[in-house]
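Okay, structure first, notes after.
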Amino acid sequence: MGGLDDLYQQLILDHYRNRRGRGRLEGASASVHENNPVCGDECFLDILVEDGRLADIRADGDGCSISQAAASMLTEAARGRDLDDALALVEHFRLVMHGDAEPEEDLLGDAVALEGVARYPVRVKCALLSWLALRDCIAEYRETTAMGG
Amino acid sequence: MGGLDDLYQQLILDHYRNRRGRGRLEGASASVHENNPVCGDECFLDILVEDGRLADIRADGDGCSISQAAASMLTEAARGRDLDDALALVEHFRLVMHGDAEPEEDLLGDAVALEGVARYPVRVKCALLSWLALRDCIAEYRETTAMGG
Amino acid sequence: MGNPAQIALDSARLRAEFPILAAPRPDGGALHYLDSAATSQKPQRVLDAMDAYYREANANVHRGVYHLAAEATDRFEAGRDAAARLVNHPREGTVFTKNATEAINLVAWAWGARELTAGDEVVVTMMEHHSNTVPWQLVAAMTGAVVRFCPVTPEGDIDMDALRGMIGPRTRMVAVVHVSNTLGTINPVGEIVAMAHAEGSLTLVDATQSVPHMPVDAASIGSDFIVFTGHKMCGPTGIGVLAAAPGHLRAMEPFLGGGEMISDVTTDGSTWNDIPWKFEAGTPPIAEAVGLGEAVRFLEDVGPDRIRAHEQEIARVMLDALDEVPGLTLYGPRDPQRRGASFSFALDGVHPHDIGQFLDSRGVCVRAGHHCTKPLMRALGVQSTARASAYLYTTADDVIALRDALVECRQWFGAA
Amino acid sequence: MGNPAQIALDSARLRAEFPILAAPRPDGGALHYLDSAATSQKPQRVLDAMDAYYREANANVHRGVYHLAAEATDRFEAGRDAAARLVNHPREGTVFTKNATEAINLVAWAWGARELTAGDEVVVTMMEHHSNTVPWQLVAAMTGAVVRFCPVTPEGDIDMDALRGMIGPRTRMVAVVHVSNTLGTINPVGEIVAMAHAEGSLTLVDATQSVPHMPVDAASIGSDFIVFTGHKMCGPTGIGVLAAAPGHLRAMEPFLGGGEMISDVTTDGSTWNDIPWKFEAGTPPIAEAVGLGEAVRFLEDVGPDRIRAHEQEIARVMLDALDEVPGLTLYGPRDPQRRGASFSFALDGVHPHDIGQFLDSRGVCVRAGHHCTKPLMRALGVQSTARASAYLYTTADDVIALRDALVECRQWFGAA
Ligand SMILES: Cc1ncc(COP(=O)(O)O)c(C=O)c1O
Ligand SMILES: Cc1ncc(COP(=O)(O)O)c(C=O)c1O
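Following this line, the structure appears as C-alpha cells:
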C-alpha cells in the first residue's frame, strides 16, 4: 500500500469526510471563484475581513479528497489571522507543496498532513486550489478597498 | 564510379555541352514558363504549330546537365510530330522516368540515354521539367485555339 | 466475466511486442494500462523503425540530391502512403501535421478564417473534444461566424433530430467526432456527412478515436476533411494526419508558410507547391512519419477488423465487470456494437482523481478529469469522470484488475 | 590546409557518438556529411533517451494522476527546462512547436493576423529563409500590411544603412535571421533589435542556425521572439521552440486551439491555460521534447563556446581549401570571425545539382539548390548554389574530401 497511506493520511480522509468551514458567506468582504483546468474542480472562496483580520472564511465547491481536505484545513489554519499573516501562511504552504520548504506544524495545523502530496505533482494543484484562492481573494479585497478609499 | 557513369552517360554530357533546339521562338503558337521548386531551375518552352504538327520547338533556361540534356533531346524527339504523337511521346518518357515503362529507343531517340535517371528520384524532376512543359504548352495551345475558334 | 478464449486476438501474445507492457513493474505486478484513449503504447518495431531511420538514413527530405537524402525522402513518403492506405484515401490528399489538433486548426484557419463571414454557422456536437471546438470558436471570434452545439441524448448519442434541425442554409461546416473519447459512442458519421452535404455544408470528421480501433474507410464516409493522430494508433508523438479532398486542398490558400510548401518566393509574393506539400511548411516530422508508417503496417498485420472484434469482446467483459462494482454509474452506450473502447464512469462518493490515484497503487492506469470535453461534462452534470480505455493489447485480466481495484477503492474511501 | 591539431574539439572522438558517422558506408569509405545546415546527425544518447521514454514512461502528459503520466510529464517538462536554459530564457516563455517554421507562423498568425492593419510594415531581409518570409506575406495579404525586404551587400551582409532607413513609425515587426543558412553571415541581431525597439517595433530573431553552433543568450539579444528548431541541434525532428517574452505571450490571443491550451471551454467561449501551455494545443511532441532535452545536455557537455571555436577553425580550413579549387566562387563573408558554418559556392561550368550528384559518388554530402532563400538567390544573380555546412563532428578530413571531389568534379564535367 505504501505510497497510498503516505498520501492519504487518516487526517486527510477525516477532513474530506467532515469538511470544516464549508459553504458560502453572506456579506463577504471579498469572494473569488477558481478552477483547476486539469480536472475541472471548482473552489468558491469567501472571506470576511474585520479590523484587518480574517474574521471568517468559507470554501465551497466540489473536488477530490485532497482538494476538499486542503480547503477544510485552510479555513481552520487561516481563520483569525491578519491579512499579511494569512498571506505568509499561504506562501509557506505553497513552498511546502513544491518541496521548497519543510512544513511547520505550528503554522499549518492539520494541513501538515498534506506534506505527502508534494510527491504527487498532479495532486499539488488540488491541494493548492483553495489556498491560492485565498491569496487572490485577499488581493481582490485590497484592490477594492484601495479603490473605495 | 559505377552509378555516376550510369547516370551521366556520354550522350547526356554531349547534349549538355552542345544543346540542340536552344533559345526562344519568334511568333510561337504557344509558350510556357515552368520551374523546378527544388532547385529553382527554369524552362521556357515555345512551340510553333503548323498543320497540327510541331513545326518547331525551342527550350531555353538554365539548369543542370540532366535538365539541359533532356531539353535538348526533347526538341529533337518532338520536332515534326503531330500534337497527339508528341503527347504520347511525353507520356512514354514520363512513365520511363517513374520506372513504369521500358524505354523505346525508336520513340525517344537520344533521350533513351536518360533511362538511368529513373534511379535518382530527385533528378527525375530535372529530366521531366522541359518534357512536362511541352505537355502544358500543347494544352495551352489547344485552349487558346479552341477559344479563338 | 466472459470467456477470454472468445476474444478475437491473442492479446497476451501481442503484449509481448510492447516493451512497456512486457516489462515487470517496479512492484513486480503487471501494468494494467487502461488509458489508450489518451495515448497508446508503442510496439518495439515502431521504435526500431525510427531508430533505424536516424542511424541509417537521417537527412532532410525532398531537397537533397545525395543518396542519404533520397533514402530519407523515400522512407518519409512511404509513411504517407501507409497512412493514406489505412483509411483508403488518395496520398495527395494526405497531409502530415503535428497532431490531430493541428489538423483541425489547419482547416479552421486556412479555410475558416478566410471563408467564414458574419452569421455563418459552424455546427459541432456537445461531445466534441476541445480540439474540435476551440479552433472553431477562435475563427468565429475573428469572422463573426457562430458555433452551434448539437445536444447529446441521455444515452450518450448525438441527438440526430436536433442535428437535422440545426443544419441549414447558413451552415458552412459540420464538425463531428467519429468515436467519442469520453463516452465511447460511435456516431453515424456517414449519415451526418450526407445530411450536411445536402445543405451545401462542408464536413470534418474527427476520427482520432476510430482509426486506431476499427476499419475506417474515408471514401465511404465521404467527408471533406478527416483527421487522426499518430500517438493513439501505436505510432509516435509529434505527427497527425489531415485526410482532405484533394480538390479542397488545391483550392485553399495555405496555412503555415515557409520552406517546402512554396513553388516560388519573390519579394512581391509567393506561389505554392503541389499538394500535399503545400500544407507542410518547414522540415516535416520525418522520423515520426517513418514511425507512423511502421505503426500502420503493424495495425494492418494485426487487422483492423480483428482489433474491432477484440474490442467489442473487451467491451462485453468490461460492461459486465463494471456492473459488479457497487455504486458505479457508467456514461455512454451500453451496447458493445455501438461503442468503442472508452468507458467513463462515476463511483458514488469517490472523486475521479481519488479513483485514479487509488487504482494506480494497484497497477491500474485510468484517466480522471474532463477528458478535454468540458461541454459534455456540463451536459452530463458532472465535473469530471474516471475513464478506462482499452486497445488491442488489453486483456480480460486488465479488466478484472480494474474491477477489483474499484471495489476496494470504494471501501478505502469509506463511501457512505 | 590548417593544422587539425589546433581544432578546439576532438571531433574524431565525437564522431564515434554518432552512429551514422561511425558506421562504415556501403562502399567502405567514410561519410563526409556536410549538410548539417539542413539537418544535423544525432548522437546515440539522444536516440536512447527517446527510446527509454517510450519503453519506460510513455503516457500522455499533464492530465494523468497515475505515476506513468507523472513520469512522462516530468521528462517532457525537463526538455523545456533544458531548451530554456540553453538560450538563457525563462521557461514560461519557452513554447514547443513542431519546428522553427511553426514558431514563426505562430507569431505571424496569433499576433500579426490580429494586430496588423493596412499600411503597417513588416521588415525582413533579403537573406531570410522562406520560413521567415512567407508567413509574413500570408498575414500581409490578409491584413493589408506590407512586407519590406532590406537589401544585402555584395559581401553578404545586411545593408545596415538601408535597414536604418527602412525601420520607422510604420514598422510593427522586424524579423531577421541570426546566422544565414545560405551565406553563413552572422548578423548583428542585438543592434538590429535595439534599432527596432527604438522605433517601437517588435522583433523576431530566427536563431535556427545559431543556437546549434554557438552560445546564444536570449536575454542579451533582447528580442521579443526568438525561434529555433530541434533537428538542427542534434535533436529529433518534430520539435521547434519559440522563446518569447512572457508578457507578450500573456497578452496575445492563442494560435492553435484545442486540448491542453484551455482553462475552461463552454458553449459560449473559452478561457486559456497559463503560458507556455496556452500556445501548445493538443498532445505535444512528448518524446521529441525528451530527445531535445538530451540534445541540449549533449551540447552543454561539449560546450557551445568550444563548438563555436571548432567551427571557426573549420571555417579557416574550409576557406583555404575552397581557394584551392579552380573556378570556384564563394558567396558570403570570408572572415571566419564573422561567419557561421555554411559555405555556399558556384563552380564555373558545373550546375549545383551536378556538383551535389558527383560529390555524393565520393561520399561527400552537400546540398544543391536555393536553400529556401530564393529572394537571396535572385539578389546574388544565381538560380542555385552548392552548399557545404559543418558542425561539431566535422573534421579537416571532411573538408579535404570536399576539396578533392570538387577538383575532380570540374574535370569530369569538362568545364570550359
Ligand atoms: C535560417 C533558417 N530558418 C528557418 C528554418 C526552418 O527550420 P524548420 O524547417 O525546422 O522549420 C531553417 C531550416 O530549414 C533555417 O535554416
Ligand atoms: C476525439 C479526439 N479528438 C482529438 C484529439 C486530439 O488529438 P491530439 O492531442 O493528438 O491532437 C483527441 C485526443 O486527445 C481525441 O480523443
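Which chain is which? The protein sequence lines are A, B, C and D, in order. The opening position of the first sequence corresponds to residue 1389 in this note's numbering, with each subsequent residue numbered one higher. The opening position of the second sequence corresponds to residue 1389 in this note's numbering, with each subsequent residue numbered one higher. The opening position of the third sequence corresponds to residue 175 in this note's numbering, with each subsequent residue numbered one higher. The opening position of the fourth sequence corresponds to residue 175 in this note's numbering, with each subsequent residue numbered one higher. A virtual CB, placed ideally from N, CA and C, is assigned to each residue, including glycine.
Under 8 Å by beta carbon: chain A residues contacting residue i
i, result
"D/S437", "N1423, P1425"
"D/T247", "P1509, V1510"
"D/A425", "Result: empty, since nearest Cβ-Cβ is about 20 Å, beyond 8 Å."
Neighbourhood of residue i by C-beta distance below 7 Å, restricted to the same chain and skipping five residues each side
i, result
"C/P459", "F270, K272, G412, I413"
"C/A528", "Residue identity check: residue 528 of chain C is Asp in the sequence provided, not Ala. The answer, listed in chain order, is F587."
"D/D572", "H206, L208"
"A/G1390", "Low confidence applies to A/G1390: its pLDDT is 48, below 50, so where it sits in the model is not reliable, and the reading given next is rough at best. Excluding sequence neighbours, A/G1390 sits near nothing in its chain."
"D/A287", "V313, M316, T317"
C-beta atoms of residue i and residue j nearer than 8 Å
i, j, result
"D/G456", "C/T275", "yes"
"A/L1399", "A/C1525", "no"
"D/F192", "D/Y567", "yes"
"C/R513", "C/T359", "yes"
"A/A1506", "A/A1465", "no"
"A/N1406", "A/K1513", "no"
"C/A515", "C/A483", "no"
"D/G364", "D/I395", "yes"
"C/P389", "C/L466", "no"
"C/V415", "C/A257", "yes"
"C/V298", "C/V379", "no"
"C/A393", "C/N262", "yes"
Same chain, Cβ closer than 6 Å to residue i, neighbours up to 5 away in sequence not counted
i, result
"C/I278", "S305, N306, P309, V401"
"C/K452", "P428, M435, W446"
"C/L337", "C324"
"C/G253", "A463, V464, L466, G467"
Chain C contact residues for residue i, given Cβ-Cβ distances below 9 Å
i, result
"B/R1511", "V239"
Residues that residue i contacts on chain D, provided the C-beta gap is smaller than 9 Å
i, result
"C/V326", "Near C/V326 there are no residues of chain D at all, since even the closest Cβ is about 12 Å away, more than 9 Å."
Residue range of the beta strand (DSSP E) that includes residue i
i, result
"D/Y505", "502 to 505"
"B/E1430", "1430 to 1438"
"C/T436", "Rather than Thr, the amino acid found at residue 436 of chain C in this sequence is Ile. Segment 436 to 440, the beta strand (DSSP E) holding C/I436."
"D/M347", "345 to 351"
"C/W283", "That residue, C/W283, is in no beta strand (DSSP E); it is neither H nor E in DSSP."
"C/L183", "It is not in any beta strand (DSSP E) - C/L183 carries neither H nor E in the DSSP assignment."
"C/T271", "268 to 271"
"C/G443", "443 to 446"
"B/H1421", "1418 to 1423"
Start-to-end residues for the alpha helix (DSSP H) that takes in residue i
i, result
"A/C1402", "The sequence as given places Asp at residue 1402 of chain A; Cys does not occur at that position. Here the alpha helix (DSSP H) through A/D1402 covers 1398 to 1405."
"C/C324", "It is not in any alpha helix (DSSP H) - C/C324 instead sits in the beta strand (DSSP E) that spans 320 to 324."
"D/G421", "420 to 425"
Contacts of residue i in chain B (Cβ-Cβ under 8 Å)
i, result
"D/G543", "V1426, C1427, G1428"
"C/M469", "The residue you asked about is not Met; residue 469 of chain C is Ala in the sequence shown. Within chain B, no residue comes near C/A469; the closest Cβ sits about 24 Å away, beyond 8 Å."
Chain-ordered neighbours of residue i on chain D, where CB pairs are closer than 7 Å
i, result
"B/R1452", "Checking the displayed sequence, the identity of residue 1452 of chain B turns out to be Cys instead of Arg. Ordered by position in chain D, the residues that pass the 7 Å Cβ test against B/C1452 are H525, H527, D528."
"C/E462", "T411, G412"
8 Å Cβ cut-off: residues of chain F touching residue i
i, result
"C/M551", "In the displayed structure, chain F is absent; the protein chains listed are A, B, C and D."
Neighbour list for residue i in chain A, Cβ cutoff strictly below 7 Å
i, result
"D/T440", "Those within 7 Å of D/T440 in chain A number zero; the least Cβ separation is about 12 Å."
Contacts of residue i in chain C (Cβ-Cβ under 8 Å)
i, result
"A/G1391", "S535"
Beta-carbon contacts of residue i that lie in its chain and below 8 Å, excluding the five residues immediately before and after
i, result
"D/R229", "none"
"B/D1488", "none"
"D/G176", "With a pLDDT of 42 at D/G176, under the threshold of 50, the predicted position of this residue should be treated as unreliable, and no value is reported."
"D/V476", "L183, L188, L566"
7 Å Cβ cut-off: residues of chain C touching residue i
i, result
"A/R1412", "Correct list: empty, because the minimum Cβ distance to chain C is about 18 Å."
Below 8 Å, can you find three or more Cβ-Cβ pairs linking the stretch 374 to 388 of chain D to the stretch 233 to 245 of chain D? No: the two stretches stay apart, fewer than three of their Cβ pairs being nearer than 8 Å.
Does the stretch 544 to 557 of chain C come into contact with the stretch 1426 to 1444 of chain A, if we say contact requires no fewer than three beta-carbon pairs (one atom in each stretch) closer than 8 Å? These segments touch.
Using a Cβ distance threshold of 8 Å, determine whether the stretch 287 to 299 of chain C contacts the stretch 460 to 477 of chain C, with at least three qualifying pairs required. Judged by Cβ distances under 8 Å, the stretch 287 to 299 of chain C makes no contact with the stretch 460 to 477 of chain C, as fewer than three pairs qualify.
On the three-pair Cβ rule with 8 Å, is the stretch 1455 to 1465 of chain B touching the stretch 1401 to 1415 of chain B? Touching, yes, given that three or more Cβ pairs across the two stretches are closer than 8 Å.
Would you be able to state if there are at least three C-beta pairs under 8 Å between the stretch 338 to 345 of chain C and the stretch 368 to 380 of chain C? These segments touch.
Closer than 8 Å is the cut-off here; do at least three beta carbon pairs connect the stretch 535 to 551 of chain D with the stretch 1460 to 1474 of chain B? With a cut-off of 8 Å, the stretch 1460 to 1474 of chain B and the stretch 535 to 551 of chain D do not count as touching, because too few Cβ pairs lie within range.
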